[in-house]
Each structure stands twice: as structure tokens, then as C-alpha cells.
Amino acid sequence: MDKYELYCLVDPRFYDSLEHGTAEDADFPILREPLPDGWSTALTDTWCYFAPDNEPPLPAQGWKIHVSARVEDAEQAIAAVWDYCLPRRIAFKFLRGTPVLVMVNSKAASRASSGKLITVYPRDEGQLELVLKELDELLRGVQGPYILSDLRYGAGPLFVRYGGFAERHCLSGSGERVLAVEDGDGRLVPDVRGATFSVPPWTTLPGFLEPHLAARNAVTTTGLPYRVESVLHFSNGGGVYLARDTHTEERVVLKEARPHAGLDAAGRDAVTRLRHERDILRRLEGLPAAPALRGYFTLGEHEFLVQEFVDGTPLQRRLVQRYPLTRADRTGQDLADYTAWAVETLESVERAVESLHERGVVFGDLHPDNILLTPEGRVALIDYEVATLVTDGARAALAHPAFIAPPDRQGVDVDRYALACLRLGLFAPQCTIMLPLHRAKAAQLGEIVKETFPVPEATVDAAVAAIGGPVFGRVEPVTVPETWPELREAMCRAIVAAATPARDDRLFPGDVAQFRPGGGLNLAYGAAGVLFALDRAGLGPFPEYERWLRDRALRPVQGSGLGLYDGLHGIAYVLGLLGHHEHAHELVDACLREKWERLESALFSGLSGIGLNLLNFGRTDLALRAVDICAERLAEPVAELSGGTHPRAGLMYGSSGPALLFLHAYEHTGDRALLDLAATALRQDLRRCRHAADGSLQVNQGWRLLPYLDEGSAGIALVLERYLGHHHDEELATALEELRLAGHAGFFVQAGLFTGRAGMLAARAGDPREHVKGLRWHALPYGGGLAFPGDQLLRLSMDFATGTAGVLFALGTALGDQPGHLPFLAAAPGRPAPYESRKEV
1 MDKYELYCLV DPRFYDSLEH GTAEDADFPI LREPLPDGWS TALTDTWCYF
51 APDNEPPLPA QGWKIHVSAR VEDAEQAIAA VWDYCLPRRI AFKFLRGTPV
101 LVMVNSKAAS RASSGKLITV YPRDEGQLEL VLKELDELLR GVQGPYILSD
151 LRYGAGPLFV RYGGFAERHC LSGSGERVLA VEDGDGRLVP DVRGATFSVP
201 PWTTLPGFLE PHLAARNAVT TTGLPYRVES VLHFSNGGGV YLARDTHTEE
251 RVVLKEARPH AGLDAAGRDA VTRLRHERDI LRRLEGLPAA PALRGYFTLG
301 EHEFLVQEFV DGTPLQRRLV QRYPLTRADR TGQDLADYTA WAVETLESVE
351 RAVESLHERG VVFGDLHPDN ILLTPEGRVA LIDYEVATLV TDGARAALAH
401 PAFIAPPDRQ GVDVDRYALA CLRLGLFAPQ CTIMLPLHRA KAAQLGEIVK
451 ETFPVPEATV DAAVAAIGGP VFGRVEPVTV PETWPELREA MCRAIVAAAT
501 PARDDRLFPG DVAQFRPGGG LNLAYGAAGV LFALDRAGLG PFPEYERWLR
551 DRALRPVQGS GLGLYDGLHG IAYVLGLLGH HEHAHELVDA CLREKWERLE
601 SALFSGLSGI GLNLLNFGRT DLALRAVDIC AERLAEPVAE LSGGTHPRAG
651 LMYGSSGPAL LFLHAYEHTG DRALLDLAAT ALRQDLRRCR HAADGSLQVN
701 QGWRLLPYLD EGSAGIALVL ERYLGHHHDE ELATALEELR LAGHAGFFVQ
751 AGLFTGRAGM LAARAGDPRE HVKGLRWHAL PYGGGLAFPG DQLLRLSMDF
801 ATGTAGVLFA LGTALGDQPG HLPFLAAAPG RPAPYESRKE V
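Just so we're aligned: the sequence shown equals residues 1 to 841 in the UniProt record's numbering.
This is the structure in C-alpha cells:
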């Protein structure tokens, strides 16, 4: 979720980029300094780039230098690198401001990229050695988090890693487009950025760095009185490990804290919080609700807390295992049994929290992952890093977004608010994340919960009252229209109210992906998708919005995608649909001038979507070239059979996208070899599925099963249905029924089209009446109309893939006068006359 938190800093309603914030201190002050002549600069959401003009181009890859710094040292470090690199004409970049630095070093941030404040690009190993030596002197006293992906130079804030300088891409083993470097044979391979340092096999570590590698390897766990057995969890602040005390053989938990990493909202690092947790556990000694403290030690620069191992199951896991609405075969008795368990569990958790309050401690971070339930009935609360004292009347600096108390709650009321969210959350999982967007949503959620579960009204009403506090009665209630015309107009009002035609980067607020180059224009997250949904719902025309899209699409920003959902092909498709045929063909021509054949096969961003659009625009020869490339890749070794991995599957990212292209090509040519290719691709995706406990067939990601439209069972079902319209296969027909069974679940965490309930509705998976009714779980008022939150539920979204436009489109497919379909998924034509060979086309 870390990437979403960054885009929550600017606007309380919508995801937005920092460049549109109003805070004067968002950027480092040095950005206001004039650059010397002969330098170019570029700014993104996170980075500021600086490169000298009229210099030989940098190598495409090599050893790069990273500078790490804590917040209080950041400006000093940037100034030192600025003053060093500019006169020497060395390219560099740095994070644009303190909010970004805090976010990339936060507890939820990526461990692989955390700590990097500045990157310097030496031209060769000689310059690498000199820059490291001289910057090491200039940065004396600067402290920062250890960059886990890199090798540390000396004891200061400098680190090195081999990787790409230029942005190049290749296809990963699972067919995804990823950042790339050249291997020893000149082939592009993934530029892997993990949480450990490694030297690529085609190069060697510069000799002057060998002592630094030896120093790194000298720190080991040998001699500790604990034997680590497994990793329980990793965060940017450190790891959590299951271990044994070698003297007593007692199982214990080791909590690791990395200095200057894992920052919270108060700026405290993981070490500060771990020391605080140690002190809190001492205060709670002997209390069953808290693990017993066993010890505390330091290894290298990292600190470790040793605590009792509570052999229990997180409440979150129990919830996932028992929650009946995610099963297609649920019964009324299942709902009753779950309700009884949930109410009993809530009472036990409340008693545990009250026992902390009696010891003078506010837990501060109550959520299902921090609650352990043992077979003996013990309830233990874990993770006291942000606990406070009752007498302080304070608020925690970190909290789960679904349980974070509003600013009007302090002290024990913080825990009471989280308990109220838990009372609703056990029946409406994750839905309380939406409450900061509209606190009165709690009342509507309460009513839905009481309709759905035989839960005591007092349990729900008490939770709603505790959440609402004094704001109830002053906030607009959530009302959902009952008829299609009213629903359509309400969502249209919200979309129009959110429009920002004065901006160049986006017209309608949506997912954070719209802040990638060209993302604000495309079909998935940008204006094209919203206009497509409005048109399919019978709304419009919107000449101003169409002009906005057309003008910007014809002069795309560098780095814009080419694909059907991520780029220019999708925009061309929509412009053609809206009657702008000349401009649509102009966009297709522009795409063909790019190196489109190197893209991945995915429908979302690659060749299968491009091939479909080329067929749509009458470019048959080129479309069949895309068919041939996808067919060649289909014959390559299958990753999940050879390596035991779980590559992406489904309509947007898996083999179902190429299958859809093969089917359209078959319908166009009559070549039955293409029909066979479609079957092969579909069976490949089906091998990536497994049966859930309710008998439904869903995509297996290893740690979860996915029913969704984009990379789950619903998307596969759409393409499989089209295939079966051309060729009956009993085994595949059975698989289709099992794929669609997942749509009969009664609850989905999100509402969106690609990864939520709207997608199940659009894919005709499940009872459409139940899905229409079920969209009430996520409906929110906005702009005098009705809107829906995007991915992660932290902000509203108007886009096609994640937000209101996608819900509008899905409702139109079920309730509208004319059935709607995703691009190229309308009903298949009759079987084409057979061709002996595509050479006759």
C-alpha cells in the first residue's frame, strides 16, 4: 500500500501527485536555486533529475552510487552532492522533498528501494572510486538507513549497486514488462532489485570494494543465544523471526529494528519504537493480553527485542477462513455460526483491550493482524510500538487505515474507536477504510450488516454510535437510487463534478497509475475510459472532454504506453467509437512507428490488445504479425510447470488475452489453427487455477485465489465462453461453470471493474441482482451524486478500471437498454467459413 500513501498526502478526497499540492515545504528548498548554464532537469512525482548538456551519453548500465540520509540530514546531504556534482558535470538525482523521503522510508515502504535519497551516476569505475572517496569525506556525520539492496562503502551514508542507468525494458519469465539490463551476451534481462546485495554473474565487483564486502559479511548471527527457525514477517523497519533460545529451547519471537528506517508519522524510526515497545511490555508484565518480554540485544547496528512466542492464529486469518460471504455455497446456518463466533470473539478482544487500559496503556494499533487467538481461548495483542500511556491522552503515530481514529479521539478513545471498527469490520471486512471519506457511511454499513447477518442490533448500533460521535446528524447520509436512470444520472453528476479540464495530466481523478506517463489519458485509468463508460451508458456527448482527450493524445508525453488499456491504442479505439475517426487512425499510425513488436503479450499493455485494435482498424497484416508473435511465445516453456512459480493469469495479464486475439483472428480468417491456439492459451490459464473450498475455480497466486475480471476467473470465463461458441468441449464447458461459480460470493472487498464486484457484474458471473444490490457496500456521496472508492479504498476514483466509471459501465451492462461489453468482447459472430491456410487472406 506504500505507493498509495504517497498519493494521499495532497487531497483528502482523491489520489493526487505532490506537484499539485499547496504545501510550500513539500519540495526541498534547493530546487528553487538556479542551475548553472549547460544543465537540464526533469521532475517526477518522486525524483528530481539533473544531467549536464553536451556531454557524451552515460553508459546504459553500471555501478551507481546511492546516498542515504535521515530527515534531519537530508538537506545537508543534497547540498553536498549538488555542490560536488555540478562543477564536475556528473549526473545525479534526488527525492524531491521531505514528504517523499518519509514515505519511502516508512514502515510500509519497499525494503528494496528504501533509504535512497540521492543517486549519482559515475561514467566508469575510475570515477566511481574517486566520487566515493571524495563524497565520503564531504558527508561525514550524515546518517541514514542501510540500503538493503546495496553494498555499503565504509561506515557512512554511501552505498553502491550495479544496475541500469537508462530506462530499458524486457519481458520477465512470467511475460511481464520489467526494467532491464544487458547480460554478458548482450541480451536484456530483468534488472532485479531485491532486498539483498548481489553482483550480476556477467560482471565483477571492483577490487577497491572488496574490503567493504568483507566488512559486510563479517556480521553474522554466530554466537547469539538464539537459533532462527523461520521468518514470520518483513517490513521496512526490520524483520520478525521465530527462533529458539539455545539454552532453554523455548520458542521465542525476535523483532528486529533498523536504525533510521521504518518511519512513522511522528518521524520516529524503528529503533526508537522498538525501545518504546520494550518499555511497554515491561509495564504489562504478567498480563495474558500481552506477550512476555524475554530480552533485548544489539547485533551490528540493528536492535532486537525478544518476546514470548504466542502460539496463536491472527484474527485476520481466522476471518478469511471463516467469513461466509466469500463462499458461493454459503447457507443461512453458515451465517448464524459465523455471527456467533464473531460476537464471542469481539467480547474477548474487548476484555483484552480493557485489561491494558487498567494497566494504564492505550494499545493504539488495534486491527485483526495484531490480535492472536490461541486454541486455549487466550487473546493476545501484539505489536506495542505505538502504544501510549492513558495519562498522556495521546494518539498513535501509526495505525491501520481501516481502524485509525479521527482527530477528535485521544487516549483510550482511540482504542474504543478501533473496537467499534472491529465490530463492523468482522462483518464488513476492510469497509471501515472508507470512513475518513464520509463518516456517515458507518450508519449505512451498519444497516447492511444487520440485513445480512443475524447479529444483535445492539452490537452494530453501539459500533455505529462510537464511530460517528458528534458528527452524526451533521453529515449527508448515504442514499443509493433504486432505478437505472437515477443511478446513471447520480454517477454522471459525480464524475462531472470531479473533472479538472484545466489540468494537463488528468481530466478525471482516478488510480495512482494515472500519474505514470500518459496514464491520465488511457482506457484503464484516464479520460478515455471515463468517456467510454459514459458513452456506453447512453450519456453525453461531452465535446469539451473529448477535445481535451484528443488534443493531448495527439501529442503524447514521453514514456506513454502503446497498449489497449495502458496507452494510445485504447485511446484510438475510444476516439473512433466517439466518431473522431481521422484522429483515431492518426494515433494508430503513431503507434506503428514505435517498436511495438517487442512488447509483452498481455491484453492490458501488449500485443494481444494491440493486435485486436489493428484488426478493428483494418490493419490485418500487422494484426496477424501480432498473432504470430503471441503464438511463438505460447510455445515457449511454461513457467509454472518448470519452476513452480505462479505467473499472472487471466484476461488482462495472462494467456486469456492472447486467446482472445486468436479467436478474433479465427473469426476473421477461418483458419482453425488459430482456434487450436486459443484452446492452448486458455488451457494454460486454467492450469494456473485451482478449486476453492466451495467448488469454484479461481486463479492461484500461491497465497490467495483470485475471482476478478483482470487476472482472475471472471476474465478467463469471458474468453472461454467465446471459444465454446465456436467449438464445444465438455471439459472446458465444465471449467466455465466452475469459473463463474466464484461470482456467487456475497462480498467483495472492492467495488471496481478490474478487481472488484463491478467486474463480476460485467462478466456475468453470479446473480446480477445481488451484485447491483451489493454495490451499496461501497457507494459514497460526491458532488450531488454517487461515487465509489478506488483500489485500496483510501480515496474516491472516477476511472474505468478502479472507480465510478467502471461501476457505471458494469451497471449499464446489467440494467441498461443496450447490453454493454468490454472492448472486443461483444457476442461472437457466426462460425467463419474454414480456410486451409491464412496465406489465402
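Beta carbons: idealized from backbone N, C-alpha and C, even for Gly.
If you're wondering where the values come from, they're calculated on a predicted model, not measured in any experiment.
Can you name the residues that DSSP bridges to residue i?
i      : result
THR298 : GLU303
GLY567 : GLY561
LEU95  : TRP47
ARG690 : GLN698
GLU256 : PHE304
THR119 : HIS66 and LYS93
VAL227 : One point to set straight first is that residue 227 is Arg, not Val, in the sequence displayed. DSSP output for ARG227 lists ARG244 as bridge partner(s).
LEU706 : VAL699
GLN792 : Beta-bridge pairing links GLN792 to no other residue.
TYR338 : DSSP lists no partner for TYR338.
ILE371 : LEU381
Buried or exposed, going by whether 16 or more other CB atoms sit within 10 Å of the CB of residue i?
i      : result
LEU641 : Any reading at LEU641 needs caution, since the residue's pLDDT is 46, under 50, leaving its predicted position unreliable; the model's value is listed next. When all chains shown are included, LEU641 counts as exposed.
GLU546 : buried
HIS728 : exposed
ASN105 : buried
SER198 : exposed
GLN698 : buried
TRP703 : exposed
ASP73  : buried
HIS581 : exposed
THR331 : exposed
HIS668 : buried
ARG140 : exposed
SER40  : exposed
PRO707 : buried
ARG318 : buried
ILE629 : buried
HIS233 : exposed
Compute the Euclidean distance between the alpha carbons of residue i and residue j, then round it to the nearest angstrom.
i           : j      : result
SER348      : THR459 : 14 Å
HIS691      : GLU721 : 19 Å
ASP817      : VAL772 : 16 Å
ARG32       : ALA91  : 18 Å
ALA623      : ASP269 : 54 Å
PHE508      : LEU171 : 31 Å
THR479      : HIS583 : 41 Å
TRP47       : ILE118 : 9 Å
LEU101      : LEU6   : 10 Å
GLU229      : THR313 : 18 Å
ARG795      : THR804 : 12 Å
SER656      : LEU663 : 10 Å
GLU344      : LEU284 : 24 Å
LEU209      : ASP150 : 12 Å
LEU356      : LEU373 : 17 Å
GLU770      : LEU709 : 17 Å
TYR162      : PRO57  : 18 Å
GLY812      : ILE610 : 26 Å
ARG598      : HIS169 : 9 Å
residue 842 : GLY830 : Here the chain comprises residues numbered 1 to 841, so residue 842 is not present and cannot be evaluated.
Just checking my contact of residue i with residue j at CB under 8 Å: how many whole Å lie between their CB atoms?
i      : j      : result
GLY784 : ALA497 : 7 Å
PRO401 : ILE433 : 5 Å
LEU132 : LEU158 : 6 Å
PHE800 : LEU753 : 6 Å
TYR525 : PHE604 : Wrong, their Cβ atoms sit about 11 Å apart, outside the cutoff.
GLY286 : VAL362 : GLY286 to VAL362, Cβ: 19 Å. No contact.
Original post:
Can at least three beta-carbon pairs, one atom from the stretch 139-149 and one from the stretch 60-73, be found at a separation below 8 Å?
Top reply: These segments touch.
**OP:** Flag this pair as touching only if the stretch 554-572 and the stretch 511-529 have three or more C-beta atom pairs under 8 Å; answer yes or no.
**Re:** Contact between the stretch 554-572 and the stretch 511-529 is present, because at least three Cβ pairs lie under 8 Å.
Original post:
Are the stretch 377-393 and the stretch 288-297 touching by the rule of at least three beta carbon pairs closer than 8 Å?
Top reply: Touching, per the Cβ criterion.
Original post:
Is the stretch 573-582 touching the stretch 526-539, taking contact as three or more C-beta pairs under 8 Å?
Top reply: Counting C-beta pairs closer than 8 Å gives three or more between the stretch 573-582 and the stretch 526-539, which meets the contact rule.
Original post:
Should the stretch 271-279 be called in touch with the stretch 252-261, which here means at least 3 C-beta pairs below 8 Å?
Top reply: At 8 Å Cβ cutoff, the stretches touch.
**OP:** Kindly confirm or deny that the stretch 735-753 and the stretch 320-329 touch, where touching means at least three C-beta pairs closer than 8 Å.
**Re:** Cβ pair count under 8 Å is three or more, so yes.
Original post:
Any chance the stretch 413-422 sits against the stretch 365-372, with 3 or more Cβ pairs inside 8 Å?
Top reply: Because the criterion of three Cβ pairs below 8 Å is met, the stretch 413-422 and the stretch 365-372 touch.
Original post:
Does the stretch 232-242 come close enough to the stretch 179-187 that 3 or more CB-CB pairs lie under 8 Å?
Top reply: Counting Cβ pairs under 8 Å, fewer than three are found: no touch.
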